[in-house]
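Remarks on the structure that follows.
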Amino acid sequence: MSVIKNLFHVSLQARNWDEALEFYCGKLGFEQMFELKVGQFKDMLQLGEHNEDDENHWLTYLRVAPDEYIEMFNAVINPPEFKTQPLGNHEDTALHSFGLGCENVKDTEDKLRAMGIEVKEGYFEDPSGVKIRIVERKGHDSKKERLFTSLAGLSLYVNDLENMTAHLRAMCFELKEKDEKRAVFTLGEFGQYVELLQSETPVKVYDDDLLGHFALQIYKVTDTVKAWGENGVYCCPQPFMKEVQVPADDTAKGNIGLDGCEIIWMVCPEGNKIEVMVEPGDTMQQKYEKSHEY
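Structure representation (C-alpha coordinates):
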(Lines of atoms letter the chains of each structure in order from A; the text may use other names.)
(Lines give C-alpha, C1' and ligand atoms only; values in the text may rest on other atoms or scores of the structure.)
Protein backbone atom coordinates (compact mmCIF):
# COMPACT_ATOMS: atom_id res chain seq x y z
CA MET A 186 0.00 0.00 0.00
CA SER A 187 1.36 3.42 -0.96
CA VAL A 188 1.48 5.96 1.85
CA ILE A 189 2.61 8.99 -0.20
CA LYS A 190 0.33 10.62 -2.77
CA ASN A 191 2.73 13.17 -4.23
CA LEU A 192 5.33 15.87 -3.71
CA PHE A 193 2.83 18.53 -2.66
CA HIS A 194 4.95 21.65 -2.63
CA VAL A 195 8.40 23.12 -2.33
CA SER A 196 8.61 25.98 0.14
CA LEU A 197 10.77 28.88 -1.02
CA GLN A 198 11.72 32.17 0.63
CA ALA A 199 11.66 35.31 -1.52
CA ARG A 200 14.21 38.08 -1.13
CA ASN A 201 11.83 40.51 -2.85
CA TRP A 202 8.11 39.65 -2.75
CA ASP A 203 6.99 41.68 -5.75
CA GLU A 204 9.86 40.55 -7.96
CA ALA A 205 9.21 36.92 -7.07
CA LEU A 206 5.48 37.18 -7.85
CA GLU A 207 6.20 38.84 -11.18
CA PHE A 208 8.68 36.10 -12.04
CA TYR A 209 6.56 33.09 -11.07
CA CYS A 210 3.18 34.44 -12.14
CA GLY A 211 3.97 37.09 -14.76
CA LYS A 212 6.68 35.12 -16.58
CA LEU A 213 6.28 31.44 -15.73
CA GLY A 214 2.48 31.66 -15.76
CA PHE A 215 1.65 30.17 -12.35
CA GLU A 216 -1.49 31.37 -10.55
CA GLN A 217 -1.41 32.99 -7.14
CA MET A 218 -4.01 30.97 -5.22
CA PHE A 219 -4.25 32.69 -1.83
CA GLU A 220 -2.16 34.74 0.56
CA LEU A 221 -1.81 34.80 4.35
CA LYS A 222 -0.62 37.77 6.40
CA VAL A 223 1.75 38.10 9.36
CA GLY A 224 -1.17 38.72 11.73
CA GLN A 225 -2.71 35.39 10.77
CA PHE A 226 0.64 33.70 11.46
CA LYS A 227 0.68 35.24 14.95
CA ASP A 228 -2.86 34.01 15.57
CA MET A 229 -1.98 30.49 14.44
CA LEU A 230 0.92 30.31 16.93
CA GLN A 231 -0.97 32.29 19.58
CA LEU A 232 2.15 34.41 20.02
CA GLY A 233 3.09 38.03 19.48
CA GLU A 234 1.34 41.36 19.89
CA HIS A 235 -0.79 42.67 17.07
CA ASN A 236 0.66 45.82 15.46
CA GLU A 237 1.23 47.60 12.16
CA ASP A 238 3.21 44.63 10.81
CA ASP A 239 0.15 42.37 10.81
CA GLU A 240 -0.77 43.23 7.20
CA ASN A 241 2.66 42.35 5.82
CA HIS A 242 2.88 39.40 3.44
CA TRP A 243 3.68 36.11 5.15
CA LEU A 244 3.13 33.39 2.56
CA THR A 245 1.33 32.65 -0.67
CA TYR A 246 0.56 29.53 -2.70
CA LEU A 247 1.37 29.41 -6.42
CA ARG A 248 -0.22 26.69 -8.53
CA VAL A 249 2.17 24.77 -10.77
CA ALA A 250 -0.43 22.06 -11.43
CA PRO A 251 -3.34 20.51 -9.51
CA ASP A 252 -2.05 19.29 -6.12
CA GLU A 253 1.47 20.55 -7.00
CA TYR A 254 2.45 23.96 -5.71
CA ILE A 255 5.12 26.43 -4.73
CA GLU A 256 4.66 27.78 -1.21
CA MET A 257 6.44 31.12 -1.12
CA PHE A 258 7.38 32.97 2.05
CA ASN A 259 8.25 36.66 2.36
CA ALA A 260 11.90 36.13 3.31
CA VAL A 261 12.23 35.06 6.97
CA ILE A 262 9.43 35.89 9.41
CA ASN A 263 9.69 33.94 12.65
CA PRO A 264 8.62 34.40 16.27
CA PRO A 265 9.05 36.19 18.52
CA GLU A 266 9.81 39.32 16.45
CA PHE A 267 7.67 38.45 13.38
CA LYS A 268 9.76 40.91 11.37
CA THR A 269 10.83 40.36 7.79
CA GLN A 270 14.51 39.42 7.90
CA PRO A 271 16.86 39.42 4.90
CA LEU A 272 17.98 36.04 3.66
CA GLY A 273 21.57 34.95 4.09
CA ASN A 274 23.96 34.02 1.30
CA HIS A 275 25.04 30.51 2.21
CA GLU A 276 27.41 28.64 -0.07
CA ASP A 277 27.06 25.49 2.03
CA THR A 278 23.28 25.15 1.81
CA ALA A 279 21.67 21.76 1.21
CA LEU A 280 19.44 22.97 -1.65
CA HIS A 281 20.67 22.12 -5.13
CA SER A 282 17.52 22.76 -7.20
CA PHE A 283 13.90 21.90 -7.73
CA GLY A 284 12.49 20.67 -11.02
CA LEU A 285 9.61 21.88 -13.20
CA GLY A 286 8.22 19.55 -15.84
CA CYS A 287 7.44 20.56 -19.42
CA GLU A 288 6.50 18.93 -22.73
CA ASN A 289 9.71 19.85 -24.57
CA VAL A 290 12.92 21.12 -22.97
CA LYS A 291 14.30 22.95 -26.02
CA ASP A 292 11.04 24.77 -26.76
CA THR A 293 10.75 25.77 -23.11
CA GLU A 294 14.34 27.00 -22.98
CA ASP A 295 13.72 29.12 -26.11
CA LYS A 296 10.61 30.67 -24.54
CA LEU A 297 12.46 31.44 -21.32
CA ARG A 298 15.30 33.10 -23.20
CA ALA A 299 12.78 35.16 -25.19
CA MET A 300 11.54 36.54 -21.85
CA GLY A 301 15.09 37.51 -20.90
CA ILE A 302 15.66 34.59 -18.52
CA GLU A 303 19.15 33.11 -18.73
CA VAL A 304 19.19 29.34 -19.20
CA LYS A 305 22.40 27.37 -18.73
CA GLU A 306 22.79 23.60 -19.09
CA GLY A 307 19.12 22.95 -18.43
CA TYR A 308 18.78 25.26 -15.41
CA PHE A 309 17.65 28.81 -14.69
CA GLU A 310 17.27 30.85 -11.49
CA ASP A 311 14.50 32.79 -9.80
CA PRO A 312 15.13 36.39 -8.57
CA SER A 313 16.26 35.13 -5.15
CA GLY A 314 18.84 32.75 -6.66
CA VAL A 315 16.92 29.48 -6.37
CA LYS A 316 18.13 27.05 -9.06
CA ILE A 317 15.35 25.51 -11.17
CA ARG A 318 15.84 22.44 -13.34
CA ILE A 319 13.92 22.02 -16.61
CA VAL A 320 12.64 18.45 -16.84
CA GLU A 321 10.91 16.86 -19.82
CA ARG A 322 8.02 14.79 -18.47
CA LYS A 323 4.33 14.23 -18.96
CA GLY A 324 2.42 16.65 -16.80
CA HIS A 325 -1.19 17.53 -16.15
CA ASP A 326 -3.50 18.31 -19.07
CA SER A 327 -4.57 21.94 -19.24
CA LYS A 328 -6.84 24.02 -21.47
CA LYS A 329 -4.33 26.86 -21.13
CA GLU A 330 -0.96 27.01 -22.87
CA ARG A 331 1.60 26.59 -20.12
CA LEU A 332 5.38 26.58 -19.95
CA PHE A 333 5.38 24.01 -17.15
CA THR A 334 2.73 21.45 -16.21
CA SER A 335 4.21 19.67 -13.19
CA LEU A 336 6.33 20.02 -10.10
CA ALA A 337 8.85 17.41 -11.20
CA GLY A 338 11.05 16.99 -8.15
CA LEU A 339 13.80 18.20 -5.89
CA SER A 340 17.59 17.78 -5.54
CA LEU A 341 19.51 18.13 -2.28
CA TYR A 342 23.17 18.00 -1.30
CA VAL A 343 23.83 15.64 1.62
CA ASN A 344 26.77 14.94 3.93
CA ASP A 345 26.12 11.21 4.29
CA LEU A 346 24.58 9.66 1.20
CA GLU A 347 24.22 6.20 2.72
CA ASN A 348 22.44 7.44 5.83
CA MET A 349 20.08 9.71 3.93
CA THR A 350 19.35 6.97 1.39
CA ALA A 351 18.37 4.64 4.21
CA HIS A 352 16.17 7.33 5.74
CA LEU A 353 14.21 8.01 2.54
CA ARG A 354 13.80 4.29 1.90
CA ALA A 355 12.35 4.00 5.42
CA MET A 356 9.91 6.74 4.40
CA CYS A 357 8.79 4.49 1.52
CA PHE A 358 10.48 6.45 -1.27
CA GLU A 359 11.31 4.09 -4.14
CA LEU A 360 15.02 3.93 -4.94
CA LYS A 361 15.51 3.98 -8.72
CA GLU A 362 19.25 4.39 -9.16
CA LYS A 363 22.27 4.87 -6.96
CA ASP A 364 26.06 5.09 -7.09
CA GLU A 365 28.66 6.51 -4.72
CA LYS A 366 27.76 10.11 -5.66
CA ARG A 367 23.97 10.21 -5.99
CA ALA A 368 20.74 8.42 -5.24
CA VAL A 369 17.49 9.03 -7.14
CA PHE A 370 14.08 8.16 -5.71
CA THR A 371 10.57 8.34 -7.08
CA LEU A 372 7.50 8.94 -4.98
CA GLY A 373 3.76 9.18 -5.29
CA GLU A 374 1.24 8.63 -8.03
CA PHE A 375 3.09 10.59 -10.72
CA GLY A 376 6.68 9.45 -10.20
CA GLN A 377 8.15 12.74 -9.04
CA TYR A 378 11.82 12.55 -8.08
CA VAL A 379 13.91 13.32 -5.05
CA GLU A 380 17.63 13.30 -5.81
CA LEU A 381 20.36 13.14 -3.18
CA LEU A 382 23.81 14.38 -4.18
CA GLN A 383 26.86 13.52 -2.09
CA SER A 384 28.49 16.84 -1.27
CA GLU A 385 32.27 17.12 -1.43
CA THR A 386 32.22 19.73 1.36
CA PRO A 387 29.97 19.89 4.45
CA VAL A 388 26.47 21.31 3.97
CA LYS A 389 24.06 22.71 6.56
CA VAL A 390 20.39 23.60 6.92
CA TYR A 391 19.69 27.21 7.93
CA ASP A 392 16.53 29.02 9.01
CA ASP A 393 17.15 31.53 6.25
CA ASP A 394 17.77 29.02 3.46
CA LEU A 395 16.15 29.76 0.13
CA LEU A 396 14.44 26.40 0.50
CA GLY A 397 12.43 26.45 3.71
CA HIS A 398 11.20 22.84 3.43
CA PHE A 399 9.34 20.53 1.09
CA ALA A 400 5.97 18.89 1.61
CA LEU A 401 4.55 15.46 0.91
CA GLN A 402 0.84 14.87 0.48
CA ILE A 403 -0.24 11.60 2.09
CA TYR A 404 -3.52 9.67 2.12
CA LYS A 405 -4.03 9.17 5.86
CA VAL A 406 -1.97 10.15 8.89
CA THR A 407 -2.39 6.90 10.80
CA ASP A 408 -1.43 4.69 7.85
CA THR A 409 1.62 6.76 7.07
CA VAL A 410 3.05 7.11 10.57
CA LYS A 411 2.49 3.41 11.22
CA ALA A 412 4.31 2.44 8.02
CA TRP A 413 7.20 4.77 8.82
CA GLY A 414 7.29 3.71 12.48
CA GLU A 415 7.64 0.08 11.44
CA ASN A 416 10.76 1.21 9.56
CA GLY A 417 12.15 3.12 12.54
CA VAL A 418 11.44 6.72 11.46
CA TYR A 419 9.02 9.01 13.28
CA CYS A 420 7.16 12.25 12.76
CA CYS A 421 6.92 15.20 15.15
CA PRO A 422 4.22 17.86 15.70
CA GLN A 423 6.44 20.78 14.57
CA PRO A 424 10.04 21.08 13.32
CA PHE A 425 11.08 22.77 16.58
CA MET A 426 9.59 19.77 18.47
CA LYS A 427 11.61 17.11 16.67
CA GLU A 428 12.22 15.15 19.88
CA VAL A 429 8.46 14.66 20.37
CA GLN A 430 7.33 11.59 18.44
CA VAL A 431 3.86 11.41 16.91
CA PRO A 432 2.53 8.00 18.04
CA ALA A 433 2.93 5.43 15.27
CA ASP A 434 -0.52 3.96 15.85
CA ASP A 435 -4.23 4.67 15.33
CA THR A 436 -4.13 7.61 17.77
CA ALA A 437 -1.87 9.66 15.50
CA LYS A 438 -3.23 12.93 14.18
CA GLY A 439 -1.82 16.17 12.94
CA ASN A 440 -2.48 19.85 13.55
CA ILE A 441 -4.85 21.77 11.28
CA GLY A 442 -3.01 24.59 9.53
CA LEU A 443 -4.45 27.93 8.43
CA ASP A 444 -5.08 26.45 4.98
CA GLY A 445 -7.19 23.63 6.44
CA CYS A 446 -4.67 20.84 5.83
CA GLU A 447 -3.81 18.32 8.52
CA ILE A 448 -0.07 18.62 9.13
CA ILE A 449 2.72 16.74 10.89
CA TRP A 450 6.46 16.96 10.28
CA MET A 451 9.51 14.83 9.66
CA VAL A 452 13.01 16.15 10.34
CA CYS A 453 15.58 14.09 8.46
CA PRO A 454 18.99 13.14 9.95
CA GLU A 455 20.66 16.16 8.34
CA GLY A 456 18.02 18.63 9.50
CA ASN A 457 15.95 19.04 6.34
CA LYS A 458 12.32 19.71 7.26
CA ILE A 459 9.65 17.63 5.52
CA GLU A 460 6.04 18.74 5.94
CA VAL A 461 3.59 15.84 5.84
CA MET A 462 0.11 16.95 4.76
CA VAL A 463 -3.42 15.65 4.22
CA GLU A 464 -6.22 17.59 2.55
CA PRO A 465 -9.03 16.35 4.80
CA GLY A 466 -11.90 18.24 3.20
CA ASP A 467 -12.58 21.86 2.45
CA THR A 468 -9.04 23.28 2.37
CA MET A 469 -7.99 26.56 0.80
CA GLN A 470 -6.16 24.60 -1.90
CA GLN A 471 -9.26 22.57 -2.73
CA LYS A 472 -11.49 25.65 -2.80
CA TYR A 473 -9.16 27.26 -5.32
CA GLU A 474 -8.95 24.15 -7.52
CA LYS A 475 -12.76 23.81 -7.59
CA SER A 476 -13.30 27.42 -8.64
CA HIS A 477 -10.34 27.83 -11.05
CA GLU A 478 -10.04 25.44 -13.97
CA TYR A 479 -6.50 24.31 -14.69
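With the working numbering applied, the sequence shown corresponds to residues 186 to 479, in that order. Ideal placement from N, C-alpha and C gives every residue a C-beta, glycine not left out. Since we're looking at a predicted model, the values are computed, not measured.
Within 10 angstroms of its Cβ, does H477 collect 16 or more other Cβ (buried), or is it exposed? exposed
Cβ-Cβ distance between N191 and Q470 below 8 angstroms: In this structure, N191 lies away from Q470, with their beta-carbon atoms at least 8 angstroms apart.
With contact counted as at least three CB pairs below 8 angstroms, one residue from each stretch, are the segment 406 to 419 and the segment 192 to 210 in contact? Proximity of the segment 406 to 419 to the segment 192 to 210 falls short of the contact definition, fewer than three beta-carbon pairs being nearer than 8 angstroms.
Below 8 angstroms between beta carbons: does that hold for D203 and K222? no
For Y404, which of helix, strand or coil comes out of DSSP? coil
Opening and closing residue of the beta strand (DSSP E) in which E220 lies: E216 to K222
Tell me where the beta strand (DSSP E) around Y254 begins and ends. E253 to N259
Are there 16 or more other CB atoms within 10 angstroms of the CB of L297, so buried, or fewer, so exposed? buried
Should G414 and A433 be called a contact, given that it needs their Cβ atoms to be closer than 8 angstroms? yes
For T386 and L346, what's the separation of their Cα atoms in angstroms? Rounded to the nearest angstrom, the two C-alpha atoms are 13 angstroms apart.
What number of angstroms, rounded off, separates the C-alpha of R318 from the C-alpha of N241? 31 angstroms
Using the three-state DSSP reduction, which class does L244 fall into: helix, strand or coil? strand
By how many angstroms is the C-alpha of L339 removed from the C-alpha of M426? 25 angstroms
Top-ranked residue by Cα proximity to L353, from K366, V379 and K328: V379
Could you please give the first and the last residue of the uninterrupted alpha helix (DSSP H) stretch that includes K291? V290 to A299
With a Cβ-Cβ cutoff of 8 angstroms, do P264 and G233 count as a contact? yes
Could you give the distance in angstroms between the alpha-carbon of D326 and the alpha-carbon of H235? 44 angstroms
State the DSSP-derived secondary structure class of E380, mapped to helix, strand or coil. DSSP places E380 in the strand class (E or B) of the three-state scheme.
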